[in-house]
Amino acid sequence: VEGTVWGKSAEEGSSIDFDSLEELFKLEDPKTVKQMTQQAKKSTRVHFVDSKRAHMISIQLTGLKLRFADIKKALLELDETVLNVEQLQILVHAVPTDTEKKKLLDYKGDYELLGEVEQYFLEMIPIPRLEQRIKAFIYKAQFESSVRKLVEDTTALSSAATQLQGSENFKNVLYAVLDAGNRLNANSFKGSAMGFKLDTLLTLGDMKARDRKTSLLLFLVQELLKRQKEIKFLNQELGAVAPASKISLEALKSALSDLRRGLKQVDEEILNAAVPLGEG
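Under our numbering, the first residue of the sequence shown carries the number 246, and numbering increases by one thereafter.
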């Protein structure tokens, strides 16, 4: 470079403060740049869903660990290998309202700027009758186990009823209770009863003699054992009764009603299955 402008520059040295130059113009850490970009995007997010509701749904969606497109595909195909009952019960509470749908469909901005929940809702909107579909999906997934439980419970109740009806020893217990009740109530209108409700048996242990120790139940058992030794095998004869006693008839009726109601809902969804995608 001798004899050129560059040669003179080399002779005189630089007039620049290199420390300041490097501090001002050094390359930024790629991680820092990425974080700043993400923060900028986050601050410009577009939200249409109530913040509290969006926060809860966001937490639930994160727990699913599934891409929105995969969730949509599984819902459309009713694929139980992708979505289990627990996950479906989360999704049934993450359905956009009509107002949220309208706002999202009217949005003409950048899709990437939408909040996480808004992006999820926008992905699900084309699925017709989304909430009803998820409920029908839950019913389908639980149907087999629900029917199995109903069959088990009704079989247990039927077995217990058969044992009670066929047990002569149990009938003798009932006769003894009736005789004792009529004798103790001889001076009242209750003293000529022809029978009694079975839940009366539950009160026998509470009825005490004058010694405040002996219950009517204990007295009757002792008296029956004096005359009918085989009564001691009653518990073995009625082996199906104890398990059946733990079954709630109200819960059984409710489960049966739920099955019927769910089946009706599935029928409705089948009828609506012909609706073109996006018109639900």
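Where is the CB? At the ideal position from N, CA and C, for every residue including glycine.
If you draw a straight line from the C-alpha of G525 to the C-alpha of G360, how long is it?
The residue given as residue 525 occupies position 280 in the sequence shown. The residue given as residue 360 occupies position 115 in the sequence shown. Confidence at G525 is low in this model, with a pLDDT of 46, below 50, so its placement is unreliable and no value can be given for it.
N-terminal and C-terminal residue of the alpha helix (DSSP H) that E345 is part of:
For the purposes of this step, residue 345 is taken as residue 100 along the sequence shown, with counting starting at 1. Judged by DSSP secondary structure, E345 falls within the alpha helix (DSSP H) whose first and last residues are D343 to D351.
When L497, R455 and Q387 are compared against V511, the one with the closest alpha-carbon:
Translated into the one-based positions of the sequence shown, residue 511 becomes position 266. Checked all of L497, R455 and Q387; the closest Cα to V511 is Q387.
Threshold first: 4 residues or longer. Then list the alpha helix (DSSP H) segments lying entirely within the segment 381-407, N to C.
Counting only runs that start and end inside the segment 381-407, there is no alpha helix (DSSP H) element of at least 4 residues.
Measuring CB atoms only, is the segment 338-352 touching the segment 292-306, in the sense that at least three cross pairs come out at less than 8 Å?
yes
Determine the extent of the alpha helix (DSSP H) in which Q473 is found, giving its start and end residues.
The sequence position of residue 473 within the sequence shown is 228, counting from 1. No alpha helix (DSSP H) holds Q473; DSSP gives it neither H nor E.
For G525, the three-state DSSP class (helix, strand or coil):
By one-based count along the sequence shown, residue 525 stands at place 280. At G525, the pLDDT of 46 sits below 50, so the modelled position is not reliable and the matter cannot be decided from this model.
If you count every other CB in all the chains shown that lies within 10 Å of the CB of D398, and 16 or more means buried, which is it?
Taking the sequence shown and counting its residues from 1, the one referred to as residue 398 is at position 153. D398 comes out buried.
In three-state terms, what does DSSP make of L483?
The count along the sequence shown starts at 1 and reaches residue 483 at position 238. Coil.
Within 10 angstroms of the Cβ of R505, are there 16 or more other Cβ atoms? Answer buried if so, exposed if not.
For the purposes of this step, residue 505 is taken as residue 260 along the sequence shown, with counting starting at 1. Exposed, by the Cβ-count rule.
Give the secondary structure of V294 by DSSP, where H, G and I count as helix, E and B as strand, and everything else as coil.
Taking the sequence shown and counting its residues from 1, one reaches residue 294 at position 49. DSSP places V294 in coil when its eight states are reduced to three.
CB-CB length for L309 against Q334, believed under 8 Å:
Numbered from its first residue, the sequence shown carries residue 309 at position 64. Numbered from its first residue, the sequence shown carries residue 334 at position 89. Going by Cβ atoms, the distance from L309 to Q334 rounds to 11 Å, so no, they are not a contact pair.
According to DSSP, simplified to helix, strand and coil, what is S265?
Within the sequence shown, residue 265 is the residue found at index 20, counting from 1. Helix, per DSSP.
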